[in-house]
Structure formats: structure tokens, C-alpha cells
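Chemist: Before I ask anything, here is the structure I am working with.
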């Protein structure tokens, strides 16, 4: 595998590529489905030809303004009737399971929004089948893996810049739920995928799994409601690794001091320290390094940010979907967030839930 | 065609929005949490000869507009460039409730009189006509700017770029028609995709719009890339352009940034400054560079 194949930012290569156009359908055109539809609007070879959702303002608008997209109210009917190469699933997480199952039976490439499923065992079964179905491409939508800062952070950690990792803290903070009435709908119940850990904190858990792998043990987990009645607004957990690394995950979607969601990481290794957030990286090296001076080094976002062919809500959503399109065309390409990765993350989420339930 | 002001004072600095660092953003948010500091900055800018202000319809903008209205005589020649909506308000609501419930929520927050005024268009909600709903939302967002002078009304880039990818032509056409007819203002679009948006507006048969987007040598927030922008600016431009993010969030020195923007034939810049010194320096720089 070449380096360009290994990078999750294979966007430049896809521009103006001649060849066969590939067809995809979207299940669910809410906020994320609409974003994906928009990003693929100008894609050079992956076209959305069908969409499935219940009647809504958005499906009405699609039927009116996008006559090139065939609309269905039943995704199974859509999968039966349409000739497709890929499907994008952007419905609430408790519906993912049967949709993934149906798409896998049709041997389609699949992009499924995070969290992958709500059941780690089911996620692992899909992951195993995904490994066997090498002719299609299966990706989970943990979009932060495609942000400029976290792509660079992963590169640095893979180059072992910090030596052995001693400890890390991952924080996911935002102001999504600030009132009691905010907790309505599927987000207000754990069994439908609601709550801060599945819906919001899963980004932090996934980044930890992406950078450090799965912990062997999870301990001291607490799930705390602040506004929600039935689910947590805050989660705190300690992750222990076989090699001695100790990490913590803290997620809170009820913190009004954050204007927009932020993922922050602080990593201490034997050779130095890295702080990462939306704005860039701060690297402290204990000794002189070929790329970094001894002491503090700052890399700001503008120096890391690589343009994408079409910008919608940040570069990461475009990079994520363009990587998926490349995968649909060539399933042997590097997959920065495969079903196996999604299952790993789902298992850690489940470990935190189980630990918190025991601790309670 | 709209005569854009050559220098427009932006508002990110007043609301703690800083793309360079969260710490810097927090410092600014703290300083400008006292709106008197914002008013003071507007007076300073106006005294220096900066009469154009871009203002997003966020939760503080209502109060700022009240001040500007009640002190209108102290700001002769002042012109606003409103940008709508405040995207995070909608993003949070949509995340919680979904799209349709958000729209209902926003509209139900209006007074009975306003709703009565909207009733003629209210049919849009029932029939699901997104173009009609869009005009209702424009009215909701524009209420705070009542009786203030404005030249253009910009649609925020998150909305512009989302709709651009969705290729909902009718929404763009109706937005432009509505803004011009109801508000006698030029329809504006903030975007991170200037060449693509320009081509699309042209396809829609829209000729009266103005575009504001990032222009900097670093290619920061410029999709697909700097080369495509430079190609675009090399041709005659169908839509007047205002450049933003010219410093690429601190990656480019001010003189180099201004020289680059002017080399692309762009005469209007929106910039962020919070002190008299900084405003003055930017003004002088632009005048000086333009003379060369």
C-alpha cells in the first residue's frame, strides 16, 4: 500500500477523474444526511441517485428541486428497486442494524453514521463480515478522524515522537443540551442511542481508540445527568492499557462555555507532550528532535489545513466522504474508519456503560 | 451594481470567535461581554472614517442594533452589512429537535403581531414550501436590523454552501428576489467556495448578487484551492467580491495579505480589529498599498 493510499485525505486525487460514474443512495435526510447530500453534490464520480426517508420538509424539497433523485419512504424497497454501488446510512443509531444487514446482503459499499450500532456484539459481527466482503468498502462516520489537526496528531504519534505514552486525557465538550426540554426525542433514551456518551462522547472514545487502541480495562466510570431525565449529560471514565498507559475520557454536552463542540487531547509521553484542539497542536519536546526544537513548538490550524474540493461545514466532512467515494471505487484503499474500527470503539463505549452501571 | 465599501469592520472579534486560538477568543469574549466596549469600538472605527460594519444576527446583535438605532445621529453615513442567520443557534436546535421542529420553534418565538404579518406566507409551513419558509426566516432574522441602513444582506456560509451542494436553485433565486424587493438591498452570500458559487449563481440566472469569501495566499478556507481562485479572479467577475480571512487567521503578515488581495483586483475587505491602533494601521495599509 502506498503512502497516498494510507492517508485519509485522498481528496485531491479524485478531482476530474474520468471513468464510470458510481451510484449511491442515502437513507435518512436529516441534518447529517442533508450534509452528505450537499457534499456529494459536486462529486466527480459518486452520484446520489436515490434517497429514503419519511415525509418531511426536506423530502418535499428534494422531490421538488431535485428531480434527479428518486425518493422512497421505505429503504428496503429502495434497495430492491435501485441499481446501486453504495449506500449512506444517516438515521438515528437504533435503526442502523437492519439497514447495514440489508446493505451487506446486497454487497453494497456502506457509509454509516456514528455511532456504528448500539450493540457491540452486533458491531463485531458486521466487522467480521466486512473483512470477508473485500469487494465492497465499509466505513463508519467518525468524522473527527478526518480533521486536519487529528490527522497530523496521528502521524506524529505513529512516528513515535513522544516515545512510550505515559498518560492522556481526552475531552469532548459542547453546549448541545442546556435545558430540560432539550432531552426529548431519540436522544433522550439510552436504548435509542441517546445520551452524551453514545451521541457526543463517542467522538472522544473513538479518537482514543484511533490513537491508542483499545484499553484492557475501564474503571471509575460515572454517567451523570445534568438536564436530561433518563440519560447522562456528562461521562467520566478511566482507561487502563496493558503497557501501563493510563487515560481518561471526559465528555459533557451541557457546558455553555463552549460555543461549538470541541475535542481536546493532552498526551504525555516519555519524550514530550502534545496538546491538541480544534485550533492546532502544541508540542513540548524534552530534547531536540529532527523536526521540532527542544521545548514548546506550535502548529496552528491554518498551517495544517489542506483545502478540499468543496467546503461544507468544515473540511472534515468533505474529506470523509471523498475518502468513502474512493473506497467505493477501489475497496482495497486504506480505510481510516473501517467497520473493524467502529466495532472497537463500540466495544469501549459498552465497557464504559457496563463499568458505570456496576459502579452505580 | 452595488458599490461595496472598501473597508468593512467585521464582528468576529466582538463575539469571541477566533480561529487562531481558543485562549485569544476567550480573552476577546471577556472584554466584549460588556457591550459598551463594542459600542466604543464602533465609535472609534466611525471616527476614523470606517462607516461600514458587518454584523451577524446572533443573540447579542439585537442589543447592538438597539444602540446603533438610538445613537444614529452619532454615526452619520453608517451602513450595515447584516449576515444571517446565526448558524450555531440553528445547529444546536436542529441537533436536538430536527429541522422541521427547529423552524417551528424559531417562528413560534415571534410575537402575535409578527405572526399575523407572516400569516399570508404561513401557508409555506403547511405545504412544506421551503422557498416560502426561507422568506419567513429571513424576516425573523432581519427584524433586529429594522430602521438601520444596510446595503447587502449576506446569507451565512454554512447555509450558502449547504444549499449550493444541494443545488436547490429555486431557494437562491427566491432569496435574491426577496431581499431586493422587500429590503431594497443587494443579496449577498458568504462562502468558502467562491468559484463554484459564482458559476452556480450564473446558472440560476442571478445577476444582482455580491459574494464575500476568504481570499489569502495561503489558501486558507478557499475551496477547491488557491489556483482555482486566482484563475477566477483573473477573468472578469460577474459578482462584486468582498475578501475576508485575508490574514489566514494570522498565518500571513498584514502588508502581504493586503497586497495579495489587491493583486487579485479585489477592492473591498472585511477585517477584524478591536483597538484604535489596529484599525488605523489596517486603514493606512490599505490606502498605502492601493496607491502602489
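Residue numbers (the numbering used here), protein chains in the order written: chain A, 33 to 392; chain B, 28 to 319.
Note that beta-carbon positions come from the ideal geometry of N, C-alpha and C, so glycine has one too.
1. Figure out for me which residue from 221/A, 278/A and 153/A has the closest Cα to the Cα of residue 261/A.
2. If you check the beta carbons only, do residue 179/B and residue 296/B fall under 8 Å apart?
3. Going along the chain, which unbroken runs of the alpha helix (DSSP H) with 4 or more residues stay wholly within the stretch 266-316 of chain B?
4. Thinking C-beta only, is residue 245/B closer than 8 Å to residue 275/B?
5. Between which two residues does the alpha helix (DSSP H) carrying residue 191/B extend?
6. Which chain A residues sit within Cβ distance under 8 Å of residue 220/B?
7. Quick one: grab the DSSP three-state call for residue 48/A.
8. So, helix, strand or coil for residue 108/A, using DSSP?
9. Mind checking if residue 292/A is an interface residue toward chain B, Cβ cutoff 8 Å exclusive?
10. Could you list the residues in the stretch 78-111 of chain A with a C-beta less than 7 Å from some C-beta on chain B, going in chain order?
11. Output yes if chain B places a C-beta closer than 8 Å to the C-beta of residue 130/A; else output no.
12. Mind listing, in chain order, the continuous alpha helix (DSSP H) runs of no fewer than 4 residues lying wholly within the stretch 46-84 of chain B?
13. What's the C-alpha gap between residue 247/B and residue 387/A?
14. Find the nearest neighbour of residue 198/A within the set 179/A, 298/A and 234/A, judged by alpha-carbon distance.
15. Please compile the residues from chain B whose C-beta is within a distance smaller than 8 Å of the C-beta of residue 69/A.
16. If you follow the alpha helix (DSSP H) that residue 225/B is part of, which residue opens it and which one closes it?
17. Who are the Cβ neighbours of residue 345/A in its own chain at under 7 Å, not counting the five residues just before and after it?
18. Using 8 Å as the limit for Cβ to Cβ distance, is residue 188/B near chain A?
19. Applying the 10 Å Cβ sphere with the 16-neighbour rule, what's the burial state of residue 114/B?
20. Nearest to residue 224/A by alpha carbon, out of 204/A, 150/A and 201/A?
21. Quick check: residue 270/B and residue 253/B, are their CB atoms within less than 8 Å of each other?
22. Can you list the residues of chain B that residue 233/A reaches, using a CB-CB cut of under 8 Å?
23. Taking C-beta to C-beta, are residue 172/A and residue 371/A nearer than 8 Å?
24. Can you name the residues that DSSP bridges to residue 249/A?
25. Which residues in the same chain as residue 359/A place their Cβ atom closer than 7 Å to its Cβ, once the five residues preceding and following it in sequence are excluded?
26. Would you verify that the beta carbon of residue 149/B is, or is not, closer than 8 Å to some beta carbon of chain A?
27. If we cut at 8 Å on Cβ distances, does residue 339/A have a partner in chain B?
28. Along the chain, where does the alpha helix (DSSP H) containing residue 135/A start, and where does it finish?
29. Helix, strand or coil for residue 108/B? Go by DSSP, reduced to three states.
30. Less than 8 Å separating the beta-carbons of residue 342/A and residue 192/B?
31. Taking the alpha helix (DSSP H) that residue 356/A falls in, what are its first and last residues?
32. Which of the three DSSP states is assigned to residue 212/B in this structure?
33. Keeping to the same chain, check which residues put their C-beta closer than 6 Å to that of residue 247/A; ignore five residues upstream and five downstream.
34. Measure from the alpha carbon of residue 361/A to the alpha carbon of each residue in 64/A, 79/A and 134/A, then state which is nearest.
35. Alpha carbon to alpha carbon, how far is residue 238/A from residue 161/A? Give it in angstroms, no decimals.
36. Taking C-beta pairs closer than 8 Å, name the residues in chain A that residue 115/B reaches, listed in chain order.
Modeler: Once the coordinates are examined:
1. Numbered from 1 along the first chain, position 229 holds the residue referred to as residue 261/A. Nearest in C-alpha terms to residue 261/A, of all of 221/A, 278/A and 153/A, is 221/A.
2. Start at 1 with the first residue of the second chain, and residue 179/B comes out as number 152. Start at 1 with the first residue of the second chain, and residue 296/B comes out as number 269. Not closer than 8 Å, so no.
3. Complete alpha helix (DSSP H) runs here, min 4: 281-290.
4. On the second chain, position 248 is the one that residue 275/B refers to. On the second chain, position 218 is the one that residue 245/B refers to. Yes.
5. Along the second chain, one-based indexing puts residue 191/B at 164. Judged by DSSP secondary structure, residue 191/B falls within the alpha helix (DSSP H) whose first and last residues are 184-193.
6. Here residue 220/B refers to the residue found at position 193 of the second chain. Result: 342 and 343.
7. Mapped onto the first chain, residue 48/A falls at position 16. With a pLDDT of 42 at residue 48/A, under the threshold of 50, the modelled position of this residue cannot be trusted, and the question is left open.
8. Here residue 108/A refers to the residue found at position 76 of the first chain. Secondary structure at residue 108/A: helix, using DSSP grouped into helix, strand and coil.
9. Working through the first chain from its first residue, we reach residue 292/A at position 260. Answer yes: the Cβ-Cβ gap between residue 292/A and chain B drops below 8 Å somewhere.
10. Answer set for the stretch 78-111 of chain A: 88, 89, 90, 92, 93, 97 and 98.
11. Against the first chain, residue 130/A aligns to sequence position 98. For residue 130/A, the answer is no, since every Cβ of chain B falls outside 8 Å of its Cβ.
12. You should have 49-59 and 62-75.
13. Here residue 247/B refers to the residue found at position 220 when the second chain is read from its first residue. Here residue 387/A refers to the residue found at position 355 when the first chain is read from its first residue. Going from the Cα of residue 247/B to the Cα of residue 387/A covers about 44 Å.
14. To locate residue 198/A, count along the first chain from 1; it is residue 166. Comparing Cα-Cα distances from residue 198/A to each of 179/A, 298/A and 234/A, the minimum goes to 298/A.
15. Within the first chain, numbered from 1, the residue matching residue 69/A stands at position 37. Within chain B, the residues near residue 69/A are 192 and 193.
16. Start at 1 with the first residue of the second chain, and residue 225/B comes out as number 198. From DSSP, the alpha helix (DSSP H) with residue 225/B extends over 221-230.
17. As a position in the first chain, residue 345/A is number 313, starting the count at 1. Counting only Cβ-Cβ distances below 7 Å, and skipping sequence neighbours, we find 67.
18. Here residue 188/B refers to the residue found at position 161 of the second chain. Chain A, which has a Cβ nearer than 8 Å to the Cβ of residue 188/B, makes this yes.
19. For this step, residue 114/B is matched to residue 87 along the second chain. Counting Cβ neighbours within 10 Å, residue 114/B comes out buried, since at least 16 surround it.
20. Position 192 of the first chain, counted from the first residue, corresponds to residue 224/A. Selection 204/A, 150/A and 201/A evaluated against residue 224/A yields 150/A as nearest (Cα-Cα).
21. The residue given as residue 270/B occupies position 243 in the second chain. The residue given as residue 253/B occupies position 226 in the second chain. No, these two residues do not count as a Cβ contact at 8 Å.
22. Here residue 233/A corresponds to residue number 201 of the first chain, with the count starting at 1. Going along chain B, no residue has its Cβ under 8 Å from residue 233/A, so there is no contact; the nearest lies around 14 Å.
23. Along the first chain, one-based indexing puts residue 172/A at 140. Along the first chain, one-based indexing puts residue 371/A at 339. The answer is yes: Cβ separation under 8 Å.
24. Here residue 249/A refers to the residue found at position 217 when the first chain is read from its first residue. According to DSSP, residue 249/A bridges with 272/A.
25. Looking up residue 359/A in the first chain gives position 327. Hits under 7 Å: 141, 169, 171, 365 and 367.
26. To locate residue 149/B, count along the second chain from 1; it is residue 122. Interpretation of residue 149/B is limited by its pLDDT of 48, a score under 50 that renders its predicted location unreliable; the figure taken from the coordinates is listed afterwards. Interface residue (Cβ-Cβ distance to chain A less than 8 Å): residue 149/B is not classified as such.
27. If you number the first chain from 1, residue 339/A lands on position 307. Interface criterion met: the Cβ of residue 339/A is under 8 Å from a Cβ in chain B.
28. Counting from 1 along the first chain, the entry for residue 135/A is found at position 103. In this chain, the alpha helix (DSSP H) harbouring residue 135/A covers 128-137.
29. By 1-based counting over the second chain, the position of residue 108/B is 81. Residue 108/B: strand per DSSP, three-state reduction.
30. Position 310 of the first chain, counted from the start, is the residue given in the question as residue 342/A. Position 165 of the second chain, counted from the start, is the residue given in the question as residue 192/B. Yes.
31. For the purposes of this step, residue 356/A is taken as the residue at position 324 of the first chain. According to the DSSP assignment, residue 356/A belongs to the alpha helix (DSSP H) that extends over 347-361.
32. Position 185 of the second chain, counted from the first residue, corresponds to residue 212/B. Secondary structure at residue 212/B: coil, using DSSP grouped into helix, strand and coil.
33. What you label residue 247/A is simply residue 215 of the first chain in a count that begins at 1. Taken in chain order, the residues that qualify are 271, 272 and 273.
34. Within the first chain, the letter at position 329 stands for residue 361/A. Of 64/A, 79/A and 134/A, the residue nearest in Cα terms is 79/A.
35. Numbered from its first residue, the first chain carries residue 161/A at position 129. Numbered from its first residue, the first chain carries residue 238/A at position 206. Approximately 21 Å between the Cα atoms of the pair.
36. Numbered from 1 along the second chain, position 88 holds the residue referred to as residue 115/B. Neighbours of residue 115/B in chain A, taken as residues whose beta carbon is under 8 Å from its own, are 291 and 292 in chain order.
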